[in-house]
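Trainee: Once you've had a glance at the structure underneath, I'll fire off some questions.
Below, the structure written as structure tokens:
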């Protein structure tokens, strides 16, 4: 049983006890129902307090039961809320810390509510592509007013209890406790004060109207349509709250339930729920126990004050961790610090950062030109030029000066972490920490596990990632790790599409319409086309049989490196990021096509999207098979948080699952017959072929 029952004189207390957030799983729901029955049968009990043990009242549904038969088993949450409403004795919800989703819906079913200050209150179901499913859209407008309730439901964002208590006319909280510590005592006293009050008040009986209903709901619909064009849930939230204002309570509940069930089956909700669990699962490493001892990280050093080094430093300064920044020349150091200042000042100007916080962060930054000043750091991250010889010099110096037990990390995006570790006498302390640019903004962190990386090092950097608000995914060692290894195949396909008849603009528009943040050519311009050029030059030596379109090399030979030079696949105006198509680039592609004797053909948007996305999927299947990634959902997390894959599609692997792996394989076999493509690449990876043949999925 995950709900405890105790009697304090004439008041029964039911405490949810299902850590970490008292999720309303089957055992918890059963415990509440049994507690209610027990209290109602005990003549000595006059009132009931419902609360949560530990760090939450309740965070809502138990995610461990998502999609399982237990989620639907009786008593479901609706039945529990009905039992609370029908209790012959008053039920007082004592709310603290976290009261979200089903937890808030349960509290709204109680006769009275007392809240501790500092409690985060929310109905976050919209973030999972759903509407609240246990009366949230019907009861919240009755206690908060239609507009305030709809704003909370559509945003899914938490609001502090004391802020809600200050809303004129609110009926969500009948009383505020003086402090979280006094809540238990105050709840007992409050329960005794209402023990004899009859009839018992029910939220469902409160009126729910909006003075200008039709106009307001039309305005709300227009707003959510603009903000959430790929997601149906926000608009359904508007519909269900409108139903609360126009229909009797039970009819409104039926409308909410219908919307909830319909949304549950949409690909968008499946994608968001997948991502929710995938993000949490990414931090679990199969052979590293949860209680693995970790190293203390109190001081960090960063080598290189360029764009990456500065961005990496900001992550730690934001989290209150002192950073020592090293450069070889004073002017490079000054330039790096000036950029960090400029970034913070822009946040201050926009009101996103207070002046005193900015000063506190800058006070944590120390600069140096000497490796000796890094000796006492617990973690050092190098962000120097992406060349093995340069990394060798850095790691040999670090090996000589860093204290025993310090973690030595490389921000390499493609190089072999095992080779880097071998430059030291302590390979167990070496790990890859691949930040994405801009490092102070992008949420993804690829943690590259070397053959000898210690388990305590892995566990430590996963905790550090959480502290600096990154989503960390573990990758094994291979060229490009997870993300960049896959993006190379995507970029190769983009090149072949140019050879066969597309323009850069056509390819970018097709994939952006599919939902990517930007297409491959705009992305190349942003990252710098010279970076891809350097990788291809290395490939021509290492893998002479690997086929590439020559268009990107021709572009770089003209010095068109992208946004930094004002010219790449597109032209750019200083200070703006708008990509302006360039007629000379299109002419260059056409001339190259002519030189190869290729007659251009009309290529559909569907073919463009399939070739680009299925190239990612096939390479990912190889990555999974080789054990470079632990699970398919990790790859989805990498692509959503690091590469702008559309959130509403849930990542390349979930998208492939939804298309059907049989259909993916059939499309790949079609592409393999194209003489201008790379037939060898389109051989389905053995894992993909096997899953498709067995009718299975990646996730």
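Numbering (this note's numbering), first residue to last: 19 to 717.
Heads up, the beta-carbon is just placed ideally off N, CA and C, and yes, glycines get one too.
From a predicted model like this one, the values you see are computed outputs, not experimental measurements.
1. What does the alpha-carbon distance come out to for the pair residue 248 and residue 116?
2. Go to residue 495, then tell me how far its alpha helix (DSSP H) extends in each direction, as first and last residue.
3. Beta-carbon within less than 7 angstroms of residue 514's beta-carbon, same chain only, minus the 5 sequence neighbours each way: which residues are those?
4. Which runs of the alpha helix (DSSP H) fall wholly inside the region 564 to 627 and span at least 4 residues, in chain order?
5. In the structure shown, what three-state DSSP assignment does residue 520 receive?
6. Just the Cα atoms here: how many angstroms apart are residue 420 and residue 697?
7. Measuring only the C-alpha atoms, how far is residue 359 from residue 227?
8. So, does the region 338 to 348 touch the region 423 to 436, judging by three or more C-beta pairs under 8 angstroms?
9. Near residue 710, what residues of its chain come up, given a Cβ to Cβ distance below 6 angstroms and the 5 sequence neighbours on each side ignored?
10. Using 10 angstroms around the beta-carbon of residue 663, count the other beta-carbons present and answer buried if the total reaches 16, otherwise exposed.
11. Compute the Euclidean distance between the alpha carbons of residue 574 and residue 605, then round it to the nearest angstrom.
12. When burial is assigned at 16 or more other CB atoms within 10 Å of the CB, is residue 346 buried or exposed?
13. I need the boundaries of the alpha helix (DSSP H) containing residue 379, first residue and last residue.
14. At a threshold of 7 angstroms, does residue 407 count as lining the ligand NAP (C-beta to nearest heavy atom)?
15. Can you give me the Cβ contacts of residue 71 inside the same chain, cut-off strictly under 6 angstroms, excluding the 5 residues immediately before and after it?
16. Between which two residues does the beta strand (DSSP E) harbouring residue 23 extend?
17. Determine the extent of the beta strand (DSSP E) in which residue 357 is found, giving its start and end residues.
18. Please return the same chain residues whose Cβ sits closer than 7 angstroms to the Cβ of residue 385, not counting the five positions on each side in sequence.
19. Does DSSP classify residue 444 as helix, strand or coil?
20. What residues in its chain sit with their C-beta under 6 angstroms from that of residue 431, if we drop five residues either side in the sequence?
21. Given residue 309, which residues of its chain have a CB within under 6 angstroms of its CB, disregarding the five upstream and five downstream residues?
22. What residue from 456, 527, 230 and 475 has the CA that sits closest to residue 465's CA?
23. DSSP three-state label for residue 332, please.
24. Which same chain residues, not among the five before or five after residue 439, have their C-beta less than 7 angstroms away from its C-beta?
25. Which residues in the same chain have their Cβ closer than 6 angstroms to the Cβ of residue 640, if we skip the five residues on either side of it in sequence?
26. In this structure, how does DSSP classify residue 319 when only helix, strand and coil are distinguished?
27. In chain order, what are the residue ranges of uninterrupted alpha helix (DSSP H) at least 4 long that sit wholly in the region 412 to 456?
28. Could you spell out where the alpha helix (DSSP H) holding residue 53 opens and where it closes?
29. Applying the criterion that 16 or more other CB atoms from any shown protein chain within 10 Å of the CB defines a buried residue, is residue 484 buried or exposed?
30. Find the nearest neighbour of residue 231 within the set 260, 492 and 255, judged by alpha-carbon distance.
31. Report, in whole angstroms, the separation of the C-beta atoms of residue 256 and residue 108, which I expect to be a contact under 8 angstroms.
32. Pick helix, strand or coil for residue 224, following the three-state DSSP scheme.
33. Taking three-plus beta-carbon pairs below 8 angstroms as touching, is the region 291 to 308 in contact with the region 172 to 186?
34. Write down every uninterrupted run of the beta strand (DSSP E) in the region 75 to 99 whose length is 3 residues or greater and which is fully enclosed by it, in chain order.
35. Assign residue 283 to buried or exposed, taking buried as 16 or more other Cβ atoms, counted over all protein chains shown, within 10 Å of its Cβ.
Mentor: Per the coordinate set shown:
1. By one-based count along the chain shown, residue 248 stands at place 230. By one-based count along the chain shown, residue 116 stands at place 98. Rounded to the nearest whole angstrom, the C-alpha separation of residue 248 and residue 116 is 29 angstroms.
2. Translated into the one-based positions of the chain shown, residue 495 becomes position 477. In the DSSP assignment, residue 495 falls outside any alpha helix (DSSP H), carrying neither H nor E.
3. As a first step, residue 514 must be located in the chain shown, where it is residue number 496. Taken in chain order, the residues that qualify are 567, 694 and 695.
4. Whole alpha helix (DSSP H) segments, 4+ residues: 569 to 575 and 601 to 613.
5. Position 502 of the chain shown, counted from the start, is the residue given in the question as residue 520. The answer is coil: DSSP assigns residue 520 none of H, G, I, E or B.
6. Position 402 of the chain shown, counted from the first residue, corresponds to residue 420. Position 679 of the chain shown, counted from the first residue, corresponds to residue 697. The alpha-carbon atoms of residue 420 and residue 697 are separated by roughly 49 angstroms.
7. Numbered from its first residue, the chain shown carries residue 359 at position 341. Numbered from its first residue, the chain shown carries residue 227 at position 209. Their Cα atoms are separated by approximately 50 angstroms.
8. The region 338 to 348 is not in contact with the region 423 to 436.
9. Numbered from its first residue, the chain shown carries residue 710 at position 692. In chain order, 679, 680 and 683 place their CB closer than 6 angstroms to the CB of residue 710, counting only its own chain and leaving out the 5 sequence neighbours on each side.
10. Taking the chain shown and counting its residues from 1, one reaches residue 663 at position 645. Burial check for residue 663: the Cβ neighbour count within 10 Å reaches 16 or more, so the residue is buried.
11. Along the chain shown, one-based indexing puts residue 574 at 556. Along the chain shown, one-based indexing puts residue 605 at 587. About 15 angstroms.
12. Here the question's residue 346 lines up with position 328 in the chain shown. The C-beta of residue 346 has fewer than 16 other C-beta atoms within 10 Å across all chains shown, which makes the residue exposed.
13. Residue 379 sits at position 361 when you count from the first residue of the chain shown. Residues 373 to 381.
14. Only the bare structure without any ligand can be found here, which leaves the ligand NAP out of the picture.
15. As a position in the chain shown, residue 71 is number 53, starting the count at 1. Annotation for residue 71: 33 and 35 place their beta carbon closer than 6 angstroms to its own, counting only its chain and skipping 5 residues before and after.
16. By 1-based counting over the chain shown, the position of residue 23 is 5. Note, residue 23: beta strand (DSSP E), 21 to 26.
17. As a first step, residue 357 is located in the chain shown; it is residue number 339 there, counting from the start. Segment 348 to 367 is the alpha helix (DSSP H) holding residue 357; no beta strand (DSSP E) there.
18. Indexing the chain shown from 1 puts residue 385 at position 367. The beta carbon of residue 385 sits closer than 7 angstroms to the beta carbons of 343, 351 and 355 from its chain, once the five residues preceding and following it are set aside; these are given in chain order.
19. Within the chain shown, the letter at position 426 stands for residue 444. Residue state, collapsed to three classes: coil.
20. To locate residue 431, count along the chain shown from 1; it is residue 413. Around residue 431, the same chain offers 452 and 502 as residues with beta carbons nearer than 6 angstroms, after the five sequence neighbours per side are excluded.
21. As a first step, residue 309 is located in the chain shown; it is residue number 291 there, counting from the start. For residue 309, there are no CB contacts under 6 angstroms within the same chain when 5 residues up- and downstream are skipped.
22. The sequence position of residue 465 within the chain shown is 447, counting from 1. With distances taken between Cα atoms, residue 465 lies closest to 475.
23. In the chain shown, residue 332 corresponds to position 314, counting from 1. Helix.
24. Locating residue 439 in the chain shown gives position 421, counting from the first residue. Cβ neighbours of residue 439 beyond the five flanking positions: 445, 448, 468 and 470.
25. Numbered from its first residue, the chain shown carries residue 640 at position 622. Within the same chain, residue 640 has close Cβ partners 703.
26. One-based indexing of the chain shown puts residue 319 at position 301. Looking at residue 319 - three-state DSSP - the assignment turns out to be strand.
27. Those alpha helix (DSSP H) runs which fall completely within the region 412 to 456 and span 4+ residues are 435 to 439.
28. Residue numbering aside, residue 53 sits at position 35 when the chain shown is read from its first letter. For residue 53, the enclosing alpha helix (DSSP H) begins and ends at 44 to 59.
29. Translated into the one-based positions of the chain shown, residue 484 becomes position 466. The residue is exposed, with fewer than 16 neighbouring Cβ atoms inside 10 Å.
30. Taking the first residue of the chain shown as 1, we reach residue 231 at position 213. Shortest Cα-Cα distance from residue 231 to any of 260, 492 and 255 involves 260.
31. Here residue 256 is taken as the residue at index 238 of the chain shown, counted from 1. Here residue 108 is taken as the residue at index 90 of the chain shown, counted from 1. In this structure, residue 256 and residue 108 do not form a Cβ contact; the two beta carbons are roughly 34 angstroms apart against a cut-off of 8 angstroms.
32. Stepping through the chain shown from its first residue, residue 224 is reached at position 206. Here residue 224 sits in coil by DSSP.
33. The region 172 to 186 and the region 291 to 308 do not touch, with fewer than three beta-carbon pairs separated by less than 8 angstroms.
34. Listed in chain order, there is nothing to give.
35. The residue given as residue 283 occupies position 265 in the chain shown. Burial check for residue 283: the Cβ neighbour count within 10 Å stays below 16, so the residue is exposed.
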